[in-house]
Amino acid sequence: MKPPVPHRGRRLGVRVACVLALATLPLALLATVNAATYMAEQRSLSENALLKEIVGATASEKMMLREASGVVGTLAVAARAVLDDAEGCSKLLNATLLARPYLSFAALVPQSGQIRCSTAETEIDIAQDSMFADLISYQEPQNRLVAPSPSGAAPTLALTAPVVDAAGAYSGLVAIYVPLAELLPQRDTDQLALFSAAGEIFGGGDGGTHTFDVLPETNALIGMTERAPTSYTATDEKGIQRIYAVAPLVAGELYAIGLRQGAAMGLWGWVSPVTTPAIVWLSTLALAFLALDRFFIRKVGHLAGTVRGLAEDPRAARDIGLDLNDSTWEFREIGSALQILQQALRDNEAELQEAEHQRDVLLREVHHRVRNNLQLIASIMNMQIRRVESGSLRDILVRIQARILNLAAIHRELLQTPGIATVHADELFGKVIPAFQLRLKDQGHGHEISTQLDPVRMSPEQAVPLALLAAEALNDGSQYAAEDEDGVRRIDFTFVHVGEELARLEVSYLLSDRLPGAATMGTGGGSPLIRSFASQLGCQLDEERTDGRYRLRIDVPLVEVGEAPMADDIAPVQVDPT
């Protein structure tokens with residue numbers, strides 16, 4: 001028998017995996033929390049370290065700007081003496097640039113916007129410049145980003161200071177320009193950039209404008225200017241998360257931003273707080289399940305298959321201990337116990353087979369002796385029949401002899417049945433009825449018996465009385481069956497299934513005019529014997545006569561072997577042979 005396929009959720013491996021998952025899940029959650037806390041601490045340390053690094057890297061640039069602020073203030077005081085001397089003013093500014101190479105341009109800007117005193121060789125008119133009106137109207141020192149500078153250079157930082165004449169009246173301003181390239185050392189151009197308060201990024205050793213792919217988005221830059229100096233984690237233009245630090249060079253105007261070499265967050269830049277605990281949890285779960293599967297689940301499945309094999313066929317079951325030699329001590333003990341059970345089952349089965357064989361031999365011997373005795377009795381009666389002169393007595397003896405021969409035929413067929421415990425009723429009737437018909441032909445009776453037989457299995461306790469009942473019914477039919485339209489004395493015999501636990505035997509034929517009376521169905525005790533056999537079977541006999549046709553019907557319940565009543569339990573029937 002094929003073993004049933006269990007539902008997936010009922011398998012031992014699935015349930016063990018679920019239990020392991022639930023048992024280790026709190027550890028996985030705890031590891032996730034710890035990993036998140038550790039990553040937050042590491043990120044905070046990295047941000048603070050990077051901020052210190054950036055503040056240290058921009059210290060010299062801040063010192064340069066402070067010096068430039070002092071220079072522009074000094075020039076604003078010195079310019080009072082040369083307000084009307086353009087040549088002397090220009091010499092003063094050129095001397096200042098020569099002394100400080102990081103300056104790219106210097107000029108004295110009057111309120112008219114016509115610059116005659118500057119480090120340029122020609123006069124410059126900036127009266128129409130949009131920034132000029134803003135610069136000249138603000139009579140305080142200023143630091144502004146200008147791009148390009150009046151000298152045509154790259155974007156620069158303009159530092160201005162107001163100039164007043166001897167009378168104290170506002171005359172204009174002094175402006176000096178510091179190129180952004182001077183504020184971004186060559187050694188740090190890949191990890192340090194400058195950006196304005198508007199989010200415009202400056203970088204590169206050539207002083208040009210460049211948008212770095214590794215720098216954060218513009219909106220993030222603008223938001224960080226209000227909190228500078230600060231460090232934070234943001235996403236660059238490529239969507240990679242990095243750590244940045246922002247330090248002000250000129251508050252409100254120019255800022256420096258830096259990041260670490262490569263991916264700012266290192267290994268933790270791509271590993272989330274859940275990834276590592278999840279990997280460890282799944283690995284631990286897989287390892288634990290594989291261990292349980294190797295040492296427990298497979299062995300249980302093997303033992304289940306072996307026990308099923310023992311239940312189905314102990315003789316064909318394989319040796320249990322062969323597959324448990326590499327198992328633990330407990331499974332070896334179970335295997336040893338099952339081996340003992342297997343051997344006991346084999347021994348018991350061998351004993352049962354031997355007992356069954358002895359029973360079959362005994363029953364066959366009983367059937368054989370009964371048949372021989374009945375045939376001997378029939379032979380003795382045959383000799384007596386030959387000596388009897390009375391015709392009526394001879395007919396009675398012939399009918400009794402016929403019953404004895406029927407009984408002998410039944411025992412002969414039971415003797416030849418392959419299985420003694422159960423009898424195939426269709427095969428039994430299929431052999432008894434032709435033998436009965438042959439005896440009728442030998443006696444000079446031309447009867448035809450039509451049969452309809454279903455394969456019905458019965459116990460011998462039921463088969464013997466049922467066969468005798470059928471023989472008596474056929475014997476009565478041979479005496480009282482009339483000829484049909486074709487001139488044939490026909491007897492219909494059926495034995496078929498009626499439901500799963502019931503079989504029906506039916507014998508029918510046309511009645512002849514030789515019927516002695518309306519209440520009897522034959523002579524020599526046929527009907528009493530039929531009722532006796534029906535009573536022995538525990539069944540109700542149903543007889544009917546309709547339109548000159550006789551029908552005998554009996555429904556036999558099919559019972560297990562040993563549950564049918566034995567012949568000794570039924571009282572013998574007293575029959576009047578006359």
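full-length UniProt numbering applies: residue 1 is where the sequence shown begins, and numbers increase by one. Virtual Cβ for every residue (Gly too), placed ideally from N, Cα, C. In this text, all values refer to a predicted model and were calculated from it rather than measured experimentally.
Residue i versus residue j - alpha carbon distance
i      : j      : result
ASP347 : HIS302 : 23 Å
SER137 : ALA68  : 22 Å
ILE410 : ALA402 : 12 Å
LEU173 : LYS91  : 17 Å
GLU53  : ALA247 : 10 Å
ASP236 : MET224 : 14 Å
GLU330 : LEU310 : 20 Å
THR119 : PRO162 : 18 Å
LEU259 : ARG242 : 8 Å
ARG412 : GLY305 : 45 Å
ALA355 : ARG298 : 39 Å
ARG545 : LEU511 : 9 Å
ALA228 : ASN94  : 36 Å
THR328 : ASN34  : 38 Å
HIS367 : ILE377 : 15 Å
LEU407 : VAL398 : 14 Å
VAL109 : VAL82  : 13 Å
ASN475 : GLY487 : 20 Å
ALA337 : VAL16  : 26 Å
ASN48  : TYR38  : 15 Å
Residue environment, residue i, which counts as buried when at least 16 other CB atoms sit within 10 Å
i      : result
TYR177 : buried
LEU159 : buried
ALA23  : exposed
CYS89  : buried
PRO179 : buried
HIS357 : exposed
GLY168 : exposed
TYR255 : buried
ALA519 : Model confidence at ALA519 stands at a pLDDT of 41, short of 50, so the residue's coordinates are unreliable; what they give is reported in the following sentence. Flag for ALA519 reads exposed.
GLY447 : For the sequence presented, residue 447 should be read as His rather than Gly. With 16 or more Cβ atoms within 10 Å of its Cβ, HIS447 is classed as buried.
PHE295 : exposed
PRO26  : exposed
SER196 : buried
ALA106 : buried
Inter-residue CB distance, residue i and residue j (contact presumed, cutoff 8 Å)
i      : j      : result
ALA291 : LEU51  : Incorrect: roughly 49 Å between the Cβ atoms, too far for contact.
ARG116 : GLU253 : So it is not a contact: roughly 28 Å between Cβ atoms.
LEU428 : ALA467 : 6 Å
PRO216 : ALA193 : At roughly 11 Å, the Cβ-Cβ gap does not stay under 8 Å, so PRO216 and ALA193 are not in contact.
THR422 : ARG457 : 5 Å
GLN452 : VAL559 : With 8 Å as the limit, GLN452 and VAL559 do not qualify as a contact, their Cβ atoms being about 23 Å apart.
SER104 : THR58  : Their Cβ separation, rounded to whole angstroms, is 20 Å, which puts SER104 and THR58 out of contact at 8 Å.
Contacting residues, own chain, Cβ-Cβ under 8 Å from residue i (five flanking each side not counted)
i      : result
ALA534 : LEU469, GLN540, LEU541 and ILE554
VAL498 : ARG504 and ASP555
TYR509 : GLY477, TYR480, ALA481, ALA482, ARG489, ARG490, ILE491, ASP492, ARG549 and TYR550
VAL164 : ARG80, TYR170 and SER171
GLY113 : ASP125, ILE126, ALA127, GLN128, ASP129, PHE132 and ILE136
ASP513 : ALA482
ALA288 : LEU20 and THR24
GLY430 : THR451 and LEU453
Simplified DSSP assignment, three categories, for residue i
i      : result
TYR102 : coil
CYS117 : strand
GLY204 : For GLY204, the predicted structure reports a pLDDT of 46, less than 50, and the residue's modelled location is therefore unreliable. The matter cannot be settled from this model.
ARG403 : helix
GLN574 : Bear in mind that the predicted position of GLN574 carries a pLDDT of just 49, short of 50, making it unreliable; the figure below should be weighed with that in mind. Reduced to three states, the DSSP call for GLN574 is coil.
ASP454 : coil
HIS357 : helix
GLU226 : coil
PRO248 : strand
ILE449 : strand
GLY538 : coil
PRO557 : strand
THR74  : helix
ALA503 : strand
VAL16  : helix
Sequence-distant residues of its chain with Cβ nearer than 6 Å to residue i (five each side left out)
i           : result
GLU182      : TYR102
residue 579 : The structure shown does not extend to residue 579, since the chain spans only 1 to 578, so no value can be given for it.
ASN382      : none
7 Å CB neighbourhood of residue i in its chain, flanking five on each side removed
i      : result
GLN574 : With a pLDDT of 49 at GLN574, under the threshold of 50, the predicted position of this residue should be treated as unreliable, and no value is reported.
ALA40  : none
ASP454 : ASP426, PHE495, VAL496 and HIS497
VAL71  : THR96, ARG100 and ILE176
CYS18  : none
GLN353 : none
GLY391 : none
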